[in-house]
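Enquirer:
Chains as they are written, first to last, in the numbering used here: chain P, 1 to 195; chain E, 1 to 198.
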């Protein structure tokens, strides 16, 4: 975090290369977040870039009330939420097929059976996450993949901690329903291994 | 702690954001309640399904392209940004105001001038057309018959003449299209112009 603040300070003093350093540091995280929010690599690419362009424009006025990455995530989440809202309104959702989504994820070097099973699970997970309402999905992704704490997520989402907890809990409940066969399978495996 | 209370703190328990005291309380309840154990186990397993998913990492080439494109977007944005002048709040307001004022003045002048020109044209046309020369003939005949009249009688001629032209305009039978649609006020103006010409 100190490293980010140092880069921002130098950027404010006219060293533009510091912005590149910040992009390099966070581009994977921001791209992944956008990708998981919109389920389309091209849109995620654009949204991640727009996030950094907006950050570039606002960086000179960045007050350090929150950490840089919280601020950056906030920009990205808001852009993705707006994007999804526009898409829903225009009813031209053109998500990548699930097989493309799987292709984007690094393939694990396993046996064919394990690969097949992993593939099926990824399809189920992608499909289930897609079905979550936008805000629940954002909260869930920020917690599950970014490992952020409730307070940080609340800052990013611009809402209270209570709202974040409610979104998270509803998201997990809904995912449990959507992934029921997988959950039951895992539970029975666990029982067998104990037995 | 009972089942109802546990449900209200389950999210925090899953998020590992409960105080130690509450956490112990939840765990004590779980030891004795199989329904809550099942509920929690299912939720934990659901979350466990997500753990193996790897992050999509951009390749080094993609990372370079990503940054280059951001630079391009920032440059494009700077180029598109309008130049700022010292009196930047005044100019954007002053220019359209002046333009609108000029157009309004021009339109008003044009309307006044075109109205006058129009009346003159109509009057000229009326007296130029043989079928419409009744007024002219009338005036000539009248003047011939009253050649001895003095200045005081001129107003009488004018009023007779005015009435004759008004009747003529009202009949509209042989008037050109351009007279049609004139209001009473405009007709009166036309009559005034014709009188001037006579």
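Backbone N, C-alpha and C fix where the C-beta goes; we use that ideal spot for every residue, glycine too.
What does residue 46(E) touch in chain P if you count any residue whose Cβ is under 7 angstroms from its own?
Expert: Close partners of residue 46(E) in chain P (Cβ separation under 7 angstroms): 172, 175, 176, 179, 183.
Enquirer: When you compare the CB positions of residue 11(P) and residue 81(P), do they come within less than 8 angstroms of one another, or not?
Expert: No, the pair does not count as a contact, with Cβ atoms beyond the cut-off.
Enquirer: Which first and last residues belong to the alpha helix (DSSP H) in which residue 1(E) is found?
Expert: Run containing residue 1(E): none; DSSP gives neither H nor E here.
Enquirer: Quick check on residue 148(P): does DSSP put it in helix, strand or coil?
Expert: coil
Enquirer: Starting from the Cα of residue 156(P), find the closest Cα among 32(P), 61(P), 78(P), 46(P) and give me that residue.
Expert: Minimum Cα distance to residue 156(P) is reached at 78(P).
Enquirer: By how many angstroms is the C-alpha of residue 136(P) removed from the C-alpha of residue 98(P)?
Expert: Reliability of the predicted coordinates at residue 98(P) is poor, the pLDDT of 43 falling under 50, and the value obtained from them is presented with this limitation in mind. Each residue's alpha carbon lies about 21 angstroms from the other.
Enquirer: Decide yes or no for the touch test of the segment 46 to 56 of chain P against the segment 71 to 82 of chain E: beta carbon pairs closer than 8 angstroms, at least 3 of them.
Expert: yes
Enquirer: With H, G and I counted as helix, E and B as strand and the rest as coil, what does DSSP make of residue 119(P)?
Expert: helix
Enquirer: Excluding the five sequence neighbours on either side, which residues of its own chain have a C-beta within less than 6 angstroms of the C-beta of residue 48(P), listed in chain order?
Expert: 30, 31, 34
Enquirer: So residue 20(P) contacts chain E; which residues on that side make the cut at Cβ distance below 8 angstroms?
Expert: 67
Enquirer: Is the Cβ-Cβ distance between residue 18(E) and residue 9(E) less than 8 angstroms?
Expert: yes
Enquirer: Does residue 100(P) come out as helix, strand or coil in the three-state DSSP assignment?
Expert: Per-residue confidence for residue 100(P) stands at a pLDDT of 45, beneath the threshold of 50, marking its modelled position as unreliable; no derived number is given.
Enquirer: Can you confirm whether residue 42(P), when its beta carbon is compared against all beta carbons of chain E, has any partner nearer than 8 angstroms?
Expert: no
Enquirer: DSSP state of residue 16(P), grouped into three classes?
Expert: coil
Enquirer: Can you tell me the Cβ-Cβ gap for residue 139(P) and residue 45(E), rounded? I've got them flagged as a contact below 8 angstroms.
Expert: In fact, because the Cβ distance is near 20 angstroms, the residues do not count as touching under 8 angstroms.
Enquirer: Please state whether DSSP places residue 126(P) in a helix, a strand or coil.
Expert: helix
Enquirer: Measuring straight from C-alpha to C-alpha, what distance separates residue 17(P) and residue 64(P)?
Expert: 20 angstroms
Enquirer: Quick one: using the 10 Å Cβ neighbour count with 16 as the cut-off for buried, is residue 36(E) buried or exposed?
Expert: buried
Enquirer: From which residue to which residue does the alpha helix (DSSP H) around residue 170(P) run?
Expert: 161 to 178
Enquirer: So, residue 72(P) versus residue 128(P), is the Cβ gap smaller than 8 angstroms?
Expert: no
Enquirer: In three-state terms, what does DSSP make of residue 151(E)?
Expert: At residue 151(E) the pLDDT is 49, less than 50, meaning the model places this residue with poor confidence and gives no usable figure here.
Enquirer: For residue 23(P), collect the residues of the same chain with a Cβ closer than 8 angstroms to its Cβ; drop the 5 residues on either side in sequence, then sort them by chain order.
Expert: These residues qualify, in order along the chain: 52.
Enquirer: Compile a chain-ordered list of the residues in the segment 53 to 79 of chain P whose CB is closer than 7 angstroms to at least one CB of chain E.
Expert: The segment 53 to 79 of chain P vs chain E, Cβ under 7 angstroms: 53, 56.
Enquirer: If distances are taken between C-alpha atoms only, which option among 12(E), 2(E), 192(E) comes closest to residue 164(P)?
Expert: 12(E)
Enquirer: Helix, strand or coil: which one does DSSP assign to residue 39(P)?
Expert: coil
Enquirer: Roughly how many angstroms lie between the CA atoms of residue 86(P) and residue 38(P), to the nearest whole one?
Expert: 12 angstroms
Enquirer: Could you name the residues of the segment 140 to 161 of chain P whose beta carbon sits closer than 8 angstroms to any beta carbon of chain E, in the order they occur along the chain?
Expert: 143, 144, 145, 149, 150
Enquirer: Apart from the five residues on each side of it in sequence, which residues of its chain come closer than 6 angstroms, Cβ to Cβ, to residue 68(P)?
Expert: 4
Enquirer: So for residue 141(P), helix, strand or coil by DSSP?
Expert: helix
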